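Report on the following structure.
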Amino acid sequence: MNIFYYVSRIQQIIEYIIDSFWSFFIKKSMGHCGKNVMIKPSTSVFKGLENIYISDDVRIARYAVIYTTKAKVYIGSKVGIAPYLKIITGNHRTNNIGHFMFDGDIDKNPNDDKDVIIEGDSWFGINVTLLSGVTIGRGSCIAAGAVVTKSCPPYSIIGGTPAKVLKFRFSIDEVLQHEEKLYPINMRFTKEELIEQRKNYINKV
Numbered sequence: 001m002n003i004f005y006y007v008s009r010i011q012q013i014i015e016y017i018i019d020s021f022w023s024f025f026i027k028k029s030m031g032h033c034g035k036n037v038m039i040k041p042s043t044s045v046f047k048g049l050e051n052i053y054i055s056d057d058v059r060i061a062r063y064a065v066i067y068t069t070k071a072k073v074y075i076g077s078k079v080g081i082a083p084y085l086k087i088i089t090g091n092h093r094t095n096n097i098g099h100f101m102f103d104g105d106i107d108k109n110p111n112d113d114k115d116v117i118i119e120g121d122s123w124f125g126i127n128v129t130l131l132s133g134v135t136i137g138r139g140s141c142i143a144a145g146a147v148v149t150k151s152c153p154p155y156s157i158i159g160g161t162p163a164k165v166l167k168f169r170f171s172i173d174e175v176l177q178h179e180e181k182l183y184p185i186n187m188r189f190t191k192e193e194l195i196e197q198r199k200n201y202i203n204k205v
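Spelled out as structure tokens, the structure:
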């Protein structure tokens, strides 16, 4: 073992101590934070904590940036997020005559700030970006490096820049079997709902 190993171990211990300390206060400052939530405040940025709502059993790895403006971020339960996640709920106006774009909060439109919603059982690869107004459907997988500008239906696999639906994790019948094992009946999608959600993707994925 060389000195670099020991330096790395010391760095990990320091990071763990900082994360454990600051996580308590950051979670308390959120709009809601459920049980068994892991965040890494020593290497991440969370702006607008009062607008961040996280359910139970969520893992947000290091180097995340969650930047809320006048809208909210909702993260459902059983969500795993790899490093370098970026979420932004707002945008600057680019058509405001007589104002610098730098002065972005002047005369903002209601549509400049929209909630970002991540439904439960979703999985994110490394370096994913979610832009304002996006909803990630339940059970979806987001490929590494994706820049998500549009919402996706449940059980999608999406990727690219801008991201698009590449395929679905399960067939409709498999989704019904999957959810029967995991969710109470009042939380399960019906076959009709799943067909409706996927109608725009027939023969495209």
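Per UniProt numbering, the very first residue in the sequence shown carries number 1; after that it's consecutive. Each residue gets a CB set at the ideal place from its N, CA and C atoms; glycine is no exception. None of these values were measured; they are calculated from a predicted model.
Check whether residue i and residue j have beta carbons under 9 Å apart
| i | j | result |
| --- | --- | --- |
| aspartate 113 | serine 132 | yes |
| aspartate 57 | lysine 35 | yes |
| lysine 70 | glycine 90 | yes |
| isoleucine 195 | isoleucine 172 | yes |
| serine 44 | alanine 64 | yes |
Exposure of residue i, with buried meaning 16 or more beta-carbon neighbours within 10 Å
| i | result |
| --- | --- |
| glutamine 11 | exposed |
| glutamine 177 | exposed |
| methionine 101 | exposed |
| isoleucine 17 | exposed |
| residue 206 | Limits of the chain in this structure are 1 at one end and 205 at the other, which puts residue 206 out of reach. |
| lysine 204 | exposed |
| isoleucine 13 | exposed |
| aspartate 85 | The displayed chain sequence assigns leucine, not aspartate, to residue 85. Classification for leucine 85: buried. |
| glutamate 192 | exposed |
| proline 153 | buried |
Run of the beta strand (DSSP E) containing residue i, from where it starts to where it stops
| i | result |
| --- | --- |
| phenylalanine 168 | 163–168 |
| tyrosine 63 | That residue, tyrosine 63, is in no beta strand (DSSP E); it is neither H nor E in DSSP. |
| tyrosine 53 | 52–54 |
| valine 116 | 116–118 |
| glycine 80 | 79–81 |
| isoleucine 75 | 73–75 |
Strand pairing of residue i, partner residues [DSSP]
| i | result |
| --- | --- |
| serine 156 | Phe168 |
| valine 46 | Looking at the sequence provided, one finds phenylalanine at residue 46 rather than valine. Answer is Ile66, bridged to phenylalanine 46. |
| histidine 178 | None; histidine 178 has no bridge partner. |
| lysine 86 | Val65 and Thr129 |
Delimiting residues of the alpha helix (DSSP H) encompassing residue i
| i | result |
| --- | --- |
| phenylalanine 25 | 3–29 |
| lysine 191 | 191–198 |
Any 3 or more C-beta pairs closer than 8 Å across the region 155–167 and the region 137–144: Touching, yes, given that three or more Cβ pairs across the two stretches are closer than 8 Å.
Inter-stretch contact at 8 Å, needing at least 3 Cβ pairs: the region 91–101 / the region 44–59: With the cut-off at 8 Å, the region 91–101 and the region 44–59 do not touch.
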